[in-house]
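Numbering (the numbering used here), first residue to last: 1 to 241.
Below is one structure, written out as structure tokens, with a few remarks after it.
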């Protein structure tokens, strides 16, 4: 049985797994799980991942959840180049530091901005109070400032001179609010230059391929059948509002 990755490229963690596997020529079957249609709650997917989230991996009889665990599994199984997750103790610690911080340090704020600016008003038809938007933007700006000042500093990449898992996981999160029309790179030359280096290291074609879904979200939401999303409306509003 071929390695299977269960993904929806609307999701930041899914994009990091997708890019990592593609960049390292890891063969896999792409199993699409449409999050906005609620496919993660289907009976078949529940057999793969009881957490009901993507990404998920199935390698024969072995199933695995959580994007960081999946990327590390792929890195070790397929012996990917050392720069992704270096053997050097301090470089690896620097990567682990970012990976430990990012779950609540940037993902929550980038996701919230995406939902508040785009999906909740456009797909669910709910007006967002300006104070909610302002507070969410303030939180996001704080996280982006930390990425620049704490994690990138004056280095080309988070762990040093080469791209690593930290940069890959960071860039997909930072691109999420961009999908809502918010240019987070404007007025941030350090972040913009780092983005350009990460894009060049990944390869523009693969970078664009992975992000075309999220960057096309403003158009695709106009054509979206929001009836399925309405079922999750109370849960969505409780989480983001």
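Even glycine gets a Cβ: it sits at the ideal position worked out from N, Cα and C.
Task: Where residue 160 sits in the DSSP three-state scheme - done: strand
Task: Alpha carbon of residue 110 to alpha carbon of residue 14, nearest angstrom - done: Their backbone Cα atoms lie some 15 Å apart in a straight line.
Task: Length of the line joining the Cα atoms of residue 178 and residue 163 - done: A straight-line Cα-Cα distance of about 21 Å links residue 178 and residue 163.
Task: Ranges of the beta strand (DSSP E) found wholly within the stretch 63-115, counting only runs of at least 3 - done: none
Open item on the list: Considering only their Cβ atoms, is the gap separating residue 240 from residue 38 smaller than 8 Å?
Closed with: Result no, Cβ atoms of residue 38 and residue 240 do not sit closer than 8 Å.
Open item on the list: Rounded to the nearest angstrom, what separates residue 115 and residue 134 at their Cα positions?
Closed with: 14 Å
Open item on the list: Assuming residue 4 is part of the beta strand (DSSP E), what are its boundary residues?
Closed with: 4-7
TODO: Consult DSSP for residue 53 and reduce its assignment to one of helix, strand or coil.
DONE: coil
Open item on the list: Let me check one thing: in DSSP terms, what residues is residue 32 bridge-paired to?
Closed with: 7
- [ ] Given a cut-off of 8 Å, decide if residue 73 and residue 50 are closer than it, judged by their beta-carbon atoms.
- [x] no
Open item on the list: In the DSSP assignment, the alpha helix (DSSP H) including residue 176 goes from what residue to what residue?
Closed with: 165-178
- [ ] Look up residue 59 in the DSSP assignment and give the residues it is bridged to.
- [x] Paired residues: 62.
Open item on the list: Assuming residue 46 is part of the alpha helix (DSSP H), what are its boundary residues?
Closed with: 43-48
Open item on the list: With the cut-off set at 8 Å, would you say residue 67 and residue 16 are in Cβ contact?
Closed with: yes
Task: CB of residue 258 within 8 Å of CB of residue 124, strictly - done: Residue 258 falls outside the range modelled here, since the chain spans only 1 to 241, and no answer is possible.
Task: Candidates 26, 166 and 144, of which the one nearest residue 187 by Cα - done: 144
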